[in-house]
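**Student:**
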Amino acid sequence: MCDYCMEHGAGGKWYLNATHYSEEIVEKYNLREFLLEQYASFEQMAVRKVGGFSPVGMDYTFRMPIIGRVVKMLAERMLHSQKPPVNPFRPDGHIGQVVPLEDAEAILMHCAAEPIIEKNCMCRYMSRGVKEACCINFGVMSEIIDKLPRFVPEKEKYHLTRDEAVARFREHNAKGYIGTIWFGPFPYINNLCSCETPECAGIRPRVDFGIKSIYKAEYLLGLNETACHGCGACVAMCSFGALRMEAALGRPVIDADRCYGCGVCRHACSTGALFLVPRDRHPALAGKY
Amino acid sequence: MRRTRITVDYELCGDGVGVDPRACGRCLRTCEPAVFLLHQTIGALEEDPFDPTRWRVTPFWPSLCDRCRQCVSVCPRGAIEVRPKVRQQPRPAVSADA
Chain F
1 MCDYCMEHGA GGKWYLNATH YSEEIVEKYN LREFLLEQYA SFEQMAVRKV GGFSPVGMDY
61 TFRMPIIGRV VKMLAERMLH SQKPPVNPFR PDGHIGQVVP LEDAEAILMH CAAEPIIEKN
121 CMCRYMSRGV KEACCINFGV MSEIIDKLPR FVPEKEKYHL TRDEAVARFR EHNAKGYIGT
181 IWFGPFPYIN NLCSCETPEC AGIRPRVDFG IKSIYKAEYL LGLNETACHG CGACVAMCSF
241 GALRMEAALG RPVIDADRCY GCGVCRHACS TGALFLVPRD RHPALAGKY
Chain D
290 MRRTRITVDY ELCGDGVGVD PRACGRCLRT CEPAVFLLHQ TIGALEEDPF DPTRWRVTPF
350 WPSLCDRCRQ CVSVCPRGAI EVRPKVRQQP RPAVSADA
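Just so you know, the sequences run in chain order F and D. Counting from 1, one number per residue, gives the positions in the first sequence under our numbering. Counting from 290, one number per residue, gives the positions in the second sequence under our numbering.
#1: Would you mind sorting N30 of chain F into buried or exposed? The rule is 16 or more other CB atoms within 10 Å of its CB.
#2: Give a yes or no on whether the minimum CB-CB distance between R90 of chain F and chain D is below 8 angstroms.
#3: Tell me whether the beta-carbon of H94 of chain F lies closer than 8 angstroms to the beta-carbon of G184 of chain F.
#4: Should S270 of chain F be labelled buried (16 or more other beta-carbon atoms within 10 Å of its own) or exposed?
#5: CA-CA distance, F42 of chain F and L249 of chain F?
#6: Listing by chain order, which chain F residues have their CB less than 9 angstroms from the CB of T347 of chain D?
#7: For a minimum of 4 consecutive residues, which ranges assigned as the alpha helix (DSSP H) are wholly contained in the region 168–254 of chain F?
#8: Measure the beta-carbon distance from I189 of chain F to Y21 of chain F and round it to whole angstroms, keeping in mind my assumption that it falls under 8 angstroms.
#9: Let me see if you follow: with CB-CB separation under 8 angstroms, is R266 of chain F close to chain D or not?
#10: CB of I331 of chain D to nearest heavy atom of the ligand FAD: below 7 angstroms?
#11: At which residues does the beta strand (DSSP E) containing A133 of chain F begin and terminate?
#12: P322 of chain D and C354 of chain D look like a contact to me (Cβ under 8 angstroms); what is the Cβ gap, rounded to whole Å?
#13: Does the distance from the C-beta atom of N137 of chain F to that of K119 of chain F stay below 8 angstroms?
#14: Is S194 of chain F close to chain D, meaning its C-beta is less than 8 angstroms from at least one C-beta of that chain?
#15: Short check: CB of S194 of chain F to CB of F169 of chain F, under 8 angstroms?
#16: From C259 of chain F to L276 of chain F, what distance separates their C-alpha atoms?
#17: Quick one: does Y215 of chain F have its CB under 8 angstroms from some CB of chain D?
#18: With a threshold of 16 other CB atoms inside 10 Å of the CB of V86 of chain F, please say whether the residue is buried or exposed.
#19: Specify the secondary structure class of E118 of chain F as computed by DSSP and reduced to three states.
#20: If distances are taken between C-alpha atoms only, which option among D:P365, D:I369, D:D309 and D:W350 comes closest to T330 of chain D?
#21: In this structure, how does DSSP classify P373 of chain D when only helix, strand and coil are distinguished?
#22: Using a cut-off of 8 angstroms between C-beta atoms, extract the partners of R292 of chain D located in chain F.
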């Protein structure tokens with residue numbers, strides 16, 4: 001557990017602290033208007049100038065030796081901001097973490113504020129032009145989505161009960177979508193996404209450029225070698241290239257450094273040989289989110 | 290650093306002229322590394338953020354482009370161009386007889 005949970009987790013994980021989902025935060029920071037303004041033009045937030053610089057083509061700057069490091073540090077500072085949200089056109093304090101199925105269920109059953117809805121994923125719309133209803137939103141976000149027709153799924157029922165939300169999330173997880181929970185903006189949690197890379201605007205900066213736009217999960221993958229049949233089905237499920245079939249051993253090998261702990265690979269395993277262990281138990285990767 | 294220059298001709302696609310990129314979206318779907326981004330134009334925010342004609346496609350992550358040119362061949366209006374970005378030629382030396 002890192003400082004983040006120590007500070008905001010009330011003794012547990014930050015995303016299992018129900019105060020982050022509460023109506024009081026909405027009132028305190030006036031998030032109703034803030035989020036409506038932000039989501040009315042969400043797609044163009046990515047192309048707006050930040051500090052006078054256009055982010056289009058900024059990826060070349062990230063790759064420069066020294067300047068790149070400074071720019072990435074500034075980007076991280078913006079995403080990790082814990083100041084009260086003021087500018088709806090910047091992703092200040094929009095930071096998330098990968099969550100496995102079990103934690104997502106706990107969020108949906110015990111923490112998420114009613115009403116719970118399902119909306120079209122804006123990342124897939126921005127990067128692929130497709131509408132897929134797989135983001136689960138709670139609390140004030142649900143009211144906002146009702147006002148923005150392009151996020152509303154085409155099917156007639158998108159307001160979900162807690163059990164329906166869990167079932168939908170489980171469905172997405174089994175497809176190989178990575179569960180992620182987001183502050184948006186800090187300290188209000190309103191999004192439980194089922195992401196894909198490279199479509200996800202939050203995962204891409206981390207995977208391609210090493211910007212901590214999302215934290216890895218509190219878990220790491222483990223393998224029970226005796227139970228594994230060596231079919232290799234899990235390898236195809238991993239979005240991060242953390243699993244590789246090793247013919248010499250007749251089993252997959254896990255690259256723990258690349259593992260985000262999403263646990264999606266477990267759905268492919270017919271023998272139950274894959275499991276998650278807390279990241280803290282790994283001697284080298286404890287605290288490396 | 291190898292640089293790629295990707296340009297979208299907004300006279301042919303987006304910005305309320307030619308094709309609505311949201312209805313077409315071929316370049317978005319064909320690009321393996323998802324270089325393009327679909328968004329409302331900045332001007333749309335001040336005028337009318339919900340105006341459906343004011344959407345455009347921007348090559349947002351050019352450094353991830355593989356230069357496979359799939360987007361060029363798939364675009365029905367021929368609006369996209371992908372070229373290696375070359376340094377400006379150095380100025381020609383002044384000839385001796387000048």
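No residue lacks a Cβ here, since even glycine has one placed at the ideal position from N, Cα and C.
**Tutor:** Let's see:
#1: exposed
#2: no
#3: yes
#4: exposed
#5: Across the structure, F42 of chain F and L249 of chain F are spaced so that their CA atoms are roughly 48 angstroms apart.
#6: A46, V47 and V56
#7: Counting only runs of 4+ residues, the alpha helix (DSSP H) found wholly inside the region 168–254 of chain F occupies 204–209 and 233–237, in chain order.
#8: 5 angstroms
#9: no
#10: Ligands are entirely absent from the displayed structure, and the ligand FAD is therefore not among its contents.
#11: Counting along the chain, the beta strand (DSSP E) containing A133 of chain F begins and ends at A133 to N137.
#12: 7 angstroms
#13: The answer is yes: Cβ separation under 8 angstroms.
#14: no
#15: yes
#16: 11 angstroms
#17: no
#18: For V86 of chain F, the number of other beta carbons within 10 angstroms of its own is below 16, and it is reported as exposed.
#19: Here E118 of chain F sits in strand by DSSP.
#20: Residue D:D309 holds the alpha-carbon nearest to the alpha-carbon of T330 of chain D among D:P365, D:I369, D:D309 and D:W350.
#21: strand
#22: Y60
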